[in-house]
Structures are given as C-alpha cells and as structure tokens.
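Engineer:
Protein chains: 2
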Amino acid sequence: MDVLAIGNALVDVLAMVSDEELAALGIVKDSYELVDAQTADRLYQAMPPAVEISGGAAANTAVGVASLGGAAGYLGMVRDDQLGAVFTHDLRATGVRFETAAATSGPPTGRALTFITPDGHRTFRTFLGAATRLGPDDVDEEAVAAADVTYLEGYLWDPPSAKEAFRKAMAVAHGAGRRVALTLSDPVCVTNWGGEFAELLEQGKVDILFANELELLTLFPGTLHDAIEHVRGVCQVAAVTRSEQGSIIVAGAETHEVPAAPAEVVDTTGAGDLYAAGFLYSLTRGDDLVRCGELGSLCAAEVISHVGARPQRSLAELVSAAG
Amino acid sequence: MDVLAIGNALVDVLAMVSDEELAALGIVKDSYELVDAQTADRLYQAMPPAVEISGGAAANTAVGVASLGGAAGYLGMVRDDQLGAVFTHDLRATGVRFETAAATSGPPTGRALTFITPDGHRTFRTFLGAATRLGPDDVDEEAVAAADVTYLEGYLWDPPSAKEAFRKAMAVAHGAGRRVALTLSDPVCVTNWGGEFAELLEQGKVDILFANELELLTLFPGTLHDAIEHVRGVCQVAAVTRSEQGSIIVAGAETHEVPAAPAEVVDTTGAGDLYAAGFLYSLTRGDDLVRCGELGSLCAAEVISHVGARPQRSLAELVSAAG
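These protein sequences, in sequence, are chains A and B.
Numbered as in my numbering, the first sequence ends at 532 without a single skipped number.
Numbered as in my numbering, the second sequence ends at 532 without a single skipped number.
Dropping the structure here:
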C-alpha cells in the first residue's frame with residue numbers, strides 16, 4: 210500500500226449560489242462550520258438544487274492516489290444507509306481499498322453542505338453524522354503497518370473518538386517504521402486544535418505536513434517566512450500550498466517553489482486534497498520534491514476545473530499527457 | 210398552474226464510461242431497459258464513480274418550466290428514504306410544487322443508472338422502485354383541473370398502477386377543459402406500449418405530442434414525412450425533435466422547422482425533457498409555435514452542455530440574455 214488515508218467519511222452536497230444568496234442564509238463566505246442534524250436539515254431546505262458527490266477530504270486524496278495508479282486505502286465511517294452505499298461504491302469503484310464496517314445504528318452518513326460561489330470559492334456546513342463513530346478499534350493495524358504513508362486529516366480531530374483513532378494510527382505507523390502525513394485541513398480546524406497539532410509536530414509525530422498558507426499562519430502566527438522556517442525544524446517535509454501562487458516545499462535545508470498548473474477555476478473544493486494526492490503518489494515513488502510538487506499542482510488543477518472534489522478523468526492519463 | 214407534470218420519480222446516478230467499458234458490462238449503447246433491484250445493484254457495483262442528481266423525465270420538464278419563471282407542479286412517488294429526500298429537496302428548491310406523499314413502505318426511491326459515453330450519448334438501466342407505487346389515488350384532481358397543461362411521460366406506462374393514474378389524469382384534465390401533453394419518452398417505451406399510445410392519439414386524448422424522430426417512427430413506421438402527416442391528424446400540436454437538426458412542429462395545416470440552438474454536447478440526458486419545458490412554457494404564454502420551438506431548442510442546448518438532466522443556470526436569465 211502506498212497511501213492509507215484516514216478521515217471523516219462524507220458525501221458532498223454541492224450547490225451553486227450567488228454571494229447574495231449565501232449572505233441571505235446568514236452564512237459567511239469561505240467559512241467552515243460543523244453543524245448538528247437539525248441545522249443541517251434547515252440549511253438543506255434553504256439550499257438550491259444540489260448534486261451529491263462522494264467527498265471527505267482524506268477520501269478524495271485516496272481516490273487521487275488510486276487514479277494516479279498508486280495503491281491506496283481508506284479508513285472512515287459511514288452508516289449502512291443510501292448515502293453510505295454511495296460513498297462506499299464511489300471509493301471502491303476507483304480502486305481504493307475500503308473495508309471499514311459501516312455503522313448499523315446511530316446517526317446517518319455524514320454530509321458536507323457545500324455552497325459554491327461564482328468565483329469558485331466554497332463554504333462548508335458539515336454534519337459529521339456516522340463519521341463521529343470512527344474509533345481506535347476501527348484502525349486496521351495491519352493496513353497501517355503495511356502502508357508507506359499513513360495520511361491523516363486535521364478534521365479527524367473534531368470527533369473525540371476519531372482523535373483517538375488518529376493517535377493510534379500514528380503510533381502503529383511509526384512502530385512499523387512508516388511515515389505519517391498530516392494535513393491541517395482548514396483554518397477553523399487549526400484555530401480549534403492548533404495547540405495539539407503543534408504538539409504533535411514538536412514531538413516528531415508528523416513526518417510530512419500539508420497546509421495552505423492561511424492554515425500555516427494560523428498554526429504559527431507571524432510572517433510566512435518565519436512560519437516556514439518553524440515548520441522546517443519540526444517535520445521531514447512540509448508542502449505549503451498558496452492557491453494560484455503554487456506551493457513552497459521545505460525539507461531540511463532544501464526549499465523549492467513550485468508554480469501552480471494552469472486551470473480555469475470552477476470549484477476549488479478538493480484542491481488541497483488532490484495536491485496531497487499528487488505529492489504523496491510521487492513521493493512514494495521516490496521522486497524528488499520538485500516533481501512531487503509538480504504532480505500535486507497538476508492534480509489540483511484538474512479538480513478545480515469542474516464541480517466536485519474528485520477527479521473526473523484518469524489522473525494517470527493526465528500525467529502521461531503532461532509528460 | 211401552467212404545467213403539471215406526472216412521471217416516474219427517479220434519482221439519476223451518472224457516470225462517464227468509455228464505449229469499451231460499456232461493452233464490457235454487456236450493455237448495448239444508447240439502450241434503455243428497466244431492471245430489478247438485484248440487477249441494478251449488480252450494475253451499480255460495476256459502475257465507475259458516479260454523481261447523484263435528481264432526475265425523472267417529467268420532473269426535469271417541471272424544473273425547466275419553473276426555471277423559466279412558469280408555475281409548475283409535479284406528481285410522482287418516492288420512498289421516505291435519503292434519495293427520496295434528495296429528490297424532494299431538489300424539486301422544491303426550484304420552486305416546483307410537489308406534494309405527493311412519499312411511500313412509507315415498499316421498495317426504495319427509484320434510480321436511473323446512466324452511463325454517459327464520450328460522445329455525450331446516454332444509456333439507461335432504470336430501477337423504478339417506489340415509482341411503481343404511484344396510483345390513481347395519488348392524482349390530485351384539483352391540481353390537474355387547475356393546470357393549463359397536464360404533461361405525462363410515456364415511461365409512466367411501465368408501472369401498471371401509474372398507467373391508471375395516467376388515464377385518470379387525462380380524464381380529469383379534459384373534464385376541466387384543459388390540455389393534455391404526452392411525451393413518447395423512449396423508442397423502447399414505444400415498442401412496448403406504442404399500440405396503446407396510438408389508441409390514445411386516435412381517441413383524441415392527447416392534445417400536444419412530444420417525440421423524437423426515432424420514437425415517432427417506432428410509433429408510425431414508414432417515412433418521417435408520412436409519420437408526421439399521420440400525427441398531424443390526431444393531435445392539435447406535435448413537436449418532433451431531431452437532435453442537432455432541430456425540431457419539426459405541426460399543428461393543423463401549419464408546419465414549422467425550427468433549428469437547434471448551438472451547444473457543445475457533454476451529456477444529452479434531459480435534452481427532450483428541457484425541449485418540452487421551453488416549448489410548454491412558451492405555449493402557455495400564448496406564443497406562436499415557432500417561438501415555442503425556439504425556446505425548446507434554447508433550453509435543450511443548456512442542459513446538454515453539462516452533466517445532468519436539469520438546468521445549471523436560470524433558464525429565465527438564459528432566455529432574457531438570448532433576447
């Protein structure tokens with residue numbers, strides 16, 4: 210296994226809205242918030258016609274790795290309901306190994322209400338649902354020990370039992386001499402859990418860090434330069450994504466700036482997830498860091514050029530066409 | 210109410226496949242078949258990652274009418290499950306009046322597995338599910354009597370009790386001095402039920418007929434000219450759609466050829482449904498038949514330019530922009 214991703218299993222409910230419609234719902238653009246079932250239902254009733262597409266940040270990354278031709282697995286919790294079946298189908302259909310048993314009781318499969326504005330920005334209201342039921346017992350130790358990289362999303366820090374699963378997966382991975390990757394997921398996530406993320410980094414529990422500029426600056430306030438220097442000292446590799454400005458990759462004394470790949474932005478949902486997919490696929494193949502970043506940029510460009518956070522075409526073919 | 214549409218309530222499960230993948234599934238391209246739950250499940254397991262979008266031919270037409278600014282209603286049956294909630298949400302969110310009570314037992318909400326090939330053609334395998342439970346008791350007589358046009362899809366002829374609902378709606382509409390529109394839906398549908406459709410036409414039970422060329426020639430075999438002359442004698446208005454060749458509209462002694470609107474074809478799902486939406490919206494406003502056809506062409510062009518059978522932008526704005 211190249212990459213085993215662990216995350217909150219969600220179905221994305223995507224709708225295009227104007228900035229005015231979003232404001233009328235009382236929602237601040239570009240924000241991310243967890244909501245309870247009742248609020249999710251209320252917002253859904255007020256939402257324009259939507260499209261359902263399997264999502265979940267780490268799951269999107271697993272799909273990206275599989276689409277590139279890598280061996281990918283996923284751990285995450287759905288309910289045994291229709292949306293859970295959709296999530297499971299879409300993941301397995303891409304070739305991702307997904308064996309976590311669906312919950313047979315409790316809340317329904319989680320969903321991310323995603324409001325896409327004309328500029329391609331997305332605003333989330335997430336009902337975690339069954340994803341909150343993921344716990345340490347669901348961590349397949351053999352799978353983690355067999356994966357070159359175990360990739361964890363910061364969002365997992367939200368449900369308390371998933372946090373325990375997260376910690377267990379880290380320990381198992383390192384016990385087996387494998388690498389642990391972490392994405393900071395979202396500035397709000399860092400605001401809530403940054404202290405613990407920083408602690409993980411200081412303790413050497415994260416080998417590879419993914420963050421966008423805003424997430425990194427939320428974790429290590431100050432200048433971007435200082436934040437990058439800080440992160441350089443606490444993990445082996447860090448990739449900091451900067452939207453159309455590309456990414457900065459640091460590893461020991463190395464620093465690389467990699468440009469973004471050209472894209473006509475329709476919906477930025479999944480950009481970071483697919484950057485991580487390209488990067489990790491390349492890394493597990495032993496490529497140099499510039500190549501890792503280039504592959505990340507290429508995969509991100511594909512996913513932002515259409516609605517939905519998973520690739521619509523074979524990334525392996527895309528890479529092959531790009532040379 | 211301008212248009213009350215009655216049809217099989219379905220969620221579309223859309224996936225892009227190559228011609229080779231479709232052949233490997235043993236499915237003949239461009240075909241339409243009803244399948245049972247077991248077959249639907251087997252095909253779904255073999256299907257690539259998909260997107261869920263509310264569909265149902267007549268429901269798509271109702272959405273189109275509402276998107277144009279018309280008053281539209283829908284009668285159709287879902288189950289009280291997650292996909293039923295998705296269908297209900299998406300319909301109501303466009304402003305379509307939809308009050309049919311969801312089934313609380315029996316099969317789940319129906320779905321149409323839709324395989325889209327690179328040329329934009331679509332191949333359907335439909336599991337009707339709860340849609341088979343629509344019956345005469347679900348026909349809201351007041352709503353039918355209040356609608357300028359009651360629009361029925363030929364697909365309704367498949368579930369036996371829906372056929373009875375169909376016949377009742379026709380009788381109620383005509384009893385109230387209203388117009389009945391019928392779409393032939395699909396060549397396979399015409400092969401199965403053409404005798405009964407022809408009988409309805411001969412008996413004067415259909416005022417407005419929608420058919421594509423192949424459906425019409427399945428109903429009245431021979432030359433297109435002869436088929437059109439036949440249909441001219443058995444309904445007030447007939448619109449025969451011919452893909453990129455536009456449409457032919459006949460009414461009494463009138464014959465009009467209306468060109469297709471330019472479009473880059475991504476997915477032809479919903480082309481006929483949205484043509485009917487534009488046509489009927491225009492007709493209920495008292496426009497001449499050429500204008501009806503032009504509006505139909507414009508709406509069809511919007512829906513084939515993206516994945517999914519419902520408009521992604523306001524059709525009222527589209528029409529206003531087109532002048």
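Ideal placement from N, C-alpha and C gives every residue a C-beta, glycine not left out.
Small disclaimer: the values here were computed from a predicted structure and weren't measured.
Check distances from the C-beta atoms of the segment 231-259 of chain A to those of chain B and list, in chain order, the residues that come in under 8 Å.
Structural biologist: Under the 8 Å Cβ criterion, the segment 231-259 of chain A contributes Tyr253, Gln254, Met256, Pro257, Pro258 and Ala259.
Engineer: What did DSSP end up calling Met379(A) once you bin it into helix, strand or coil?
Structural biologist: helix
Engineer: Take Pro468(B) and list the residues in its own chain whose beta-carbon comes closer than 6 Å to its own, dropping the five residues that flank it on each side.
Structural biologist: Gly455
Engineer: How should His434(A) be labelled, buried or exposed, when 16 other C-beta atoms within 10 angstroms of its C-beta is the threshold for buried?
Structural biologist: exposed
Engineer: Using DSSP bridges, identify the partner residues of His465(A).
Structural biologist: The partner list for His465(A) (beta bridge, DSSP) reads Ile458(A).
Engineer: Interface residues of chain A around Gly517(B) at Cβ under 8 Å?
Structural biologist: Val260
Engineer: Quickly, what does DSSP pair Ile262(A) with across the bridge? List them, please.
Structural biologist: Asp221(A)
Engineer: Check whether the segment 358-366 of chain A and the segment 212-219 of chain A touch, using three or more Cβ-Cβ pairs below 8 Å as the test.
Structural biologist: yes
Engineer: Between the segment 283-303 of chain A and the segment 238-246 of chain B, are three or more C-beta pairs nearer than 8 Å?
Structural biologist: no
Engineer: Count the CB pairs spanning the segment 508-527 of chain A and the segment 483-491 of chain A that are closer than 8 Å, and state whether there are at least three.
Structural biologist: Under the Cβ criterion (8 Å, minimum of three pairs), the segment 508-527 of chain A counts as touching the segment 483-491 of chain A.
Engineer: Check whether chain B comes within 8 Å of His298(A), counting only Cβ atoms and requiring the distance to be less than that.
Structural biologist: yes
Engineer: From which residue to which residue does the beta strand (DSSP E) around Ala214(B) run?
Structural biologist: Val212 to Ile215
Engineer: Does chain A have any CB closer than 8 Å to the CB of Thr309(B)?
Structural biologist: no
Engineer: Along chain A, in chain order, which residues have C-beta atoms closer than 7 Å to that of Ala302(B)?
Structural biologist: Ala302(B) reaches chain A at Met256, Pro257 and Pro258, counting residues in chain order whose Cβ is nearer than 7 Å.
Engineer: Thinking just about the alpha-carbon of each residue, which of Thr477(B), Ala470(B), Arg387(B) and Ser514(B) is nearest to the one in Gln445(B)?
Structural biologist: Arg387(B)
Engineer: If you follow the alpha helix (DSSP H) that Thr493(A) is part of, which residue opens it and which one closes it?
Structural biologist: Ala480 to Thr493
Engineer: Does chain E have any CB closer than 8 Å to the CB of Met286(A)?
Structural biologist: Looking for chain E here will not work: the only protein chains present are A and B.
Engineer: Using three-state DSSP, classify Gly235(B) as helix, strand or coil.
Structural biologist: Under the three-state reduction of DSSP output, Gly235(B) falls in the coil class, being neither helix nor strand.
Engineer: Give the straight-line distance between the Cα atoms of Gly265(A) and Gly315(B), rounded to the nearest whole angstrom.
Structural biologist: Spanning the two alpha carbons is a distance of roughly 31 Å.
Engineer: How would you list, in chain order, the residues of chain A whose beta-carbon sits under 8 Å from the beta-carbon of Ser227(B)?
Structural biologist: Within chain A, no residue has its beta carbon less than 8 Å from that of Ser227(B); the closest one is some 10 Å off.
Engineer: Should Pro258(B) go down as buried or exposed, given a rule of 16 or more other Cβ atoms within 10 Å for buried?
Structural biologist: It counts as buried.
Engineer: Please compile the residues from chain B whose C-beta is within a distance smaller than 7 Å of the C-beta of Asp290(A).
Structural biologist: Gln291
Engineer: Can you give, in chain order, each stretch of the beta strand (DSSP E) that sits fully within the segment 249-307 of chain A and has at least 3 residues?
Structural biologist: 260-263 and 281-284
Engineer: Please compile the residues from chain A whose C-beta is within a distance smaller than 8 Å of the C-beta of Val512(B).
Structural biologist: Result: empty, since nearest Cβ-Cβ is about 13 Å, beyond 8 Å.
Engineer: Counting pairs of beta carbons, one from the segment 221-233 of chain B and one from the segment 301-318 of chain B, are three or more of them closer than 8 Å?
Structural biologist: no
Engineer: Compute the Euclidean distance between the alpha carbons of Val397(B) and Gly431(B), then round it to the nearest angstrom.
Structural biologist: 17 Å
Engineer: If you measure from the beta carbon of Gln521(A) to each beta carbon in chain B, is any gap under 8 Å?
Structural biologist: yes
Engineer: Is it right to say Thr392(A) is buried, meaning 16 or more other beta carbons lie within 10 angstroms of its own, or is it exposed?
Structural biologist: buried
Engineer: Whose C-alpha, out of Phe296(B), Ala356(B), His330(B) and Gln521(B), is nearest the C-alpha of Met225(A)?
Structural biologist: Gln521(B)
Engineer: Consult DSSP for Glu473(A) and reduce its assignment to one of helix, strand or coil.
Structural biologist: Three-state DSSP puts Glu473(A) in coil, outside helix and strand.
Engineer: Who pairs with Lys420(A) in a beta bridge, going by DSSP?
Structural biologist: In the sequence on display, residue 420(A) carries Ala and not Lys. DSSP lists Val449(A) as the beta-bridge partner residues of Ala420(A).
Engineer: What's the gap between the Cα of Tyr260(A) and the Cα of Val272(A)?
Structural biologist: The question names Tyr, but residue 260(A) is Val in the sequence shown. Rounded to the nearest angstrom, the two C-alpha atoms are 19 Å apart.
Engineer: Pick from Thr297(A), Leu365(A), Gly338(A) and Ile236(A): whose alpha carbon is nearest that of Val348(A)?
Structural biologist: Each of Thr297(A), Leu365(A), Gly338(A) and Ile236(A) was checked against the Cα of Val348(A), and the nearest Cα belongs to Leu365(A).
Engineer: Considering only C-alpha positions, which residue in the set Leu337(B), Ala420(B) and Arg331(B) is nearest to Ser227(B)?
Structural biologist: Arg331(B)
Engineer: Find out if the Cβ-Cβ distance for the pair Thr303(A), Ala340(A) is shorter than 8 Å.
Structural biologist: no
Engineer: Short check: CB of Asp290(B) to CB of Thr318(B), under 8 Å?
Structural biologist: Yes. Within cutoff.
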